[in-house]
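For the working numbering, add 882 to where a residue sits in the sequence shown, where the first one is 1. Glycine is no exception: its CB is placed at the ideal position from the N, C-alpha and C atoms. Source: prediction; values computed, not measured. Below: one structure, written as structure tokens.
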Amino acid sequence: MPDTFKNFVAGEWVAPATGEYFENRNPADWNDVIGRFPRSGPSDMLRAIESAKRGFARWSKTPAPIRGQVLQRVGDLLVARKEAIARAMTREMGKVLAETRGDVQEGIDTAFYAATEGRRLFGRTVPSELRNKWAMSYHRPIGVAGLITPFNFPLAIPTWKMFPALLCGNAVIFKPAEDVPHTGHLLVEVLIDAGLPPDVVQLVHGQGSVVGRAMIEHPDVPVISFTGSTETGSIIGATCGKLHKRLSLEMGGKNAMIVLDDADLDLALDGVLWGAFGTTGQRCTATSRLILHEKIHDRFLTMVCDRAAKLRLGPGLDEKTEVGPLIHEEARQKVAAYVDIAKKEGATVAIGGRIPQGDKRLECGWFYEPTVFAGVKPGMRVEQEEIFGPALAVLKVGDLAEAIRVNNDVRYGLSSSIYTRDVNSAFRAMEDLENGITYVNAPTIGAEAHLPFGGVKQTGNGHREGGWEVYDFYSETKTIYVDYSGTLQRAQIDTYET
Ligand code: ADP
């Protein structure tokens, strides 16, 4: 009988009121059951919200530097448990151990950054236009923050949301993706063990369309942060718009790497393999388009195909594995469907395009061969739509201007990359690529925790995670005027001689 897990509500681990559970299985081996997790209902969410309101009343009055000390301990515990969490995450989500270790490290970096922010959270003091009067602003906590997260970074993405939200004095309710509840459980254990007071964090497992929805529709959860698909983001955006909630959306991408004819091709090759096939292509920043200058197109395409065809598929827990499985069967079917679409639209499948055959180790997992589409033209569906799997669309262009046009002509705008040795080309790209992130001589992935992360166009709604900007998202700014003149001074009306 597999382990049965619980929600964390009102300061204790509790079974869901529904009495229902769902099974969570290893995507590299569907016979391996990780556990049974609560299929919670709206009443579980309502209890969590009531508890979080109590937690907020206390935590919002805890001085920010003290909140920072709790996050410091969270970071210390993540360091101590890094290997154990990484292994559990690989078993649950499939990506290779080096990547799940990196995922935990991102959480550690985010915790330590948040800890130091407890002694900053700067407001501003600015000159008043009137005499004997001070004018200033400061950050205030908002309330209960509802966090909805996807499967692909089971620890890092929740920490990007949770740690700044907590540091700013909010209570949080965490609804992890159905595919990665175990990592969510391990993260909440860390927070509790680090001494976060009761009621400040709640963990409610279950379906997004049930418990996520109950949270979003509840008026006492004024802040929502979501990372996931563009479709779900639209639904959440509509509800939050009606209810005037503060909402951060982080959604899809169709990220391109541009390789110019003067680039270091060996460097670009390492970059594209890591960008396109790392995390089995299941990153919102994955390199899913490769835009090649015509002078190096044929040569570089051959280099990519030769290496990509040799990438070693397998369970992520095997240290020799380079590419793990997809998260579930629907994800694998989606990649297969795009292979058919690519062929119908006139692209060629240069390598891959099938479920691996004849390898016993891969028979019980959601594996798919790294796939390269050649001869892709702008506007084809494989060029425009997010596949979220190990599939790379290769395009040929005549010059940098055309490369930039192709990069920009999609509805998403998360990440982009250019390989060149020419400083003028690099700066032209930095200025004209319509993305929230641009890498020069590095692939489209590799965000650092202390810099803003997010995209333009339909990737997001203008907010940034990470770095200093996220602290504005999780705070209200209050402006304060103190008039110590002892008389009524009217702004914009009373004036003074200089
Ligand atoms: P992905 O394809 O990356 O899993 P989804 O958008 O389906 O992206 O899911 C991301 C998160 O959103 C998950 O935690 C999921 O449970 C949640 N979710 C899905 N549908 C809804 C919804 N209608 N309301 C709130 N949350 C949802």
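Exercise. Which of helix, strand or coil does DSSP assign to GLN1164?
Worked result: coil
Problem set entry | Best match in HIS1021, HIS1100 and ASN1137 for proximity to ARG929 [C-alpha to C-alpha] | HIS1100
For this session: Can you tell me the Cβ-Cβ gap for THR1167 and SER1307, rounded? I've got them flagged as a contact below 8 Å.
Result: Not quite, the Cβ-Cβ distance comes to about 22 Å (not below 8 Å), so this is no contact.
For this session: With hydrogens ignored, establish whether the beta-carbon of GLY1271 is closer than 6 Å to any heavy atom of the ligand ADP.
Result: no
Exercise. Counting Cβ pairs, one atom from each stretch, are 3 or more of them under 8 Å apart for the region 908 to 917 and the region 1101 to 1108?
Worked result: no
Problem set entry | Per-residue burial, ARG1165 [other beta carbons within 10 Å of its own, 16 or more giving buried] | buried
Problem set entry | Contact check, ALA1096 vs PRO924, beta carbons under 7 Å | yes
Exercise. Can PRO945 and SER922 be called in contact, C-beta distance under 7 Å?
Worked result: no
Exercise. Between which two residues does the alpha helix (DSSP H) containing SER925 stretch?
Worked result: 924 to 941
Exercise. Would you say the region 1300 to 1315 touches the region 1128 to 1147, given that touching needs at least three Cβ pairs under 8 Å?
Worked result: yes
Problem set entry | Beta-carbon gap between SER1299 and THR1326 smaller than 7 Å | yes
For this session: Alpha carbon to alpha carbon, how far is GLY1160 from HIS1021? Give it in angstroms, no decimals.
Result: 38 Å
Exercise. Considering only the beta carbon of each residue, do PRO947 and GLY1005 sit closer than 7 Å?
Worked result: no
For this session: State yes or no: is the C-beta of THR1114 nearer than 6 Å to some heavy atom of the ligand ADP?
Result: yes
Problem set entry | Same chain, Cβ closer than 6 Å to PHE1355, neighbours up to 5 away in sequence not counted | SER1130 and HIS1345
For this session: Could you tell me which of ARG936, ILE990 and GLY1028 sits nearest to ALA962, measuring between CA atoms?
Result: ILE990
Exercise. Should GLY1094 be counted as a contact of the ligand ADP given a C-beta to heavy atom distance under 6 Å?
Worked result: yes
For this session: Scan the region 1000 to 1060 and note each continuous beta strand (DSSP E) run of 3 residues or more that stays entirely inside, going in chain order.
Result: 1006 to 1009, 1015 to 1022, 1026 to 1030 and 1053 to 1057
For this session: Identify, in the order they occur along the chain, each residue of the same chain with its Cβ nearer than 6 Å to the Cβ of ALA1027, setting aside the five sequence neighbours on each side.
Result: ALA1047, ASN1052, VAL1054 and VAL1105
Exercise. Under the three-state reduction of DSSP, which class applies to ALA1329: helix, strand or coil?
Worked result: coil
Exercise. Secondary structure at LYS1124, three-state DSSP: helix, strand or coil?
Worked result: helix
Exercise. Cβ of VAL1092 within 7 Å of Cβ of LYS1057?
Worked result: no
For this session: Using alpha carbons as the reference points, say which of LEU1199, GLU1358, ARG949 and GLY1271 lies closest to GLY1157.
Result: GLY1271
Problem set entry | Rounded Cβ spacing between GLU905 and VAL915 (contact assumed at less than 8 Å) | 6 Å
Exercise. Since VAL1141 sits in a beta bridge, which residues does DSSP pair it with?
Worked result: LEU1174 and TYR1301
Exercise. If you check the beta carbons only, do LEU1155 and ARG1189 fall under 7 Å apart?
Worked result: yes
Exercise. At a cut-off of 6 Å, is ILE1319 close to the ligand ADP when judged by its beta-carbon and the heavy atoms of the ligand?
Worked result: no
Problem set entry | Helix, strand or coil at TRP1156 [DSSP, three-state] | helix
For this session: Output yes or no for whether 7 Å exceeds the beta carbon distance between CYS1050 and SER1357.
Result: yes
Problem set entry | Per DSSP, the bridge partner or partners of PHE1255 | VAL1231 and ALA1275
Exercise. How big is the Cα-Cα spacing for THR1380 and PRO1023?
Worked result: 39 Å
For this session: Count the other C-beta atoms from every protein chain shown that fall within 10 angstroms of the C-beta of GLY1280, then say buried if there are 16 or more, exposed otherwise.
Result: exposed
Problem set entry | the region 884 to 894 contacting the region 1034 to 1041, beta-carbon criterion three pairs below 8 Å | no
Exercise. Looking only at its own chain, which residues have a Cβ that is under 6 Å from the Cβ of ASN1289, when we skip the five neighbours before and after it?
Worked result: ALA1138, SER1298 and LEU1315
Problem set entry | Runs of beta strand (DSSP E) wholly within the region 1084 to 1108 (minimum 3 residues, chain order) | none
For this session: Return the Cβ separation of PHE1033 and MET971 in integer angstroms, given the expectation that the two are a contact with Cβ distance under 8 Å.
Result: About 10 Å separates the two Cβ atoms, so there is no contact after all.
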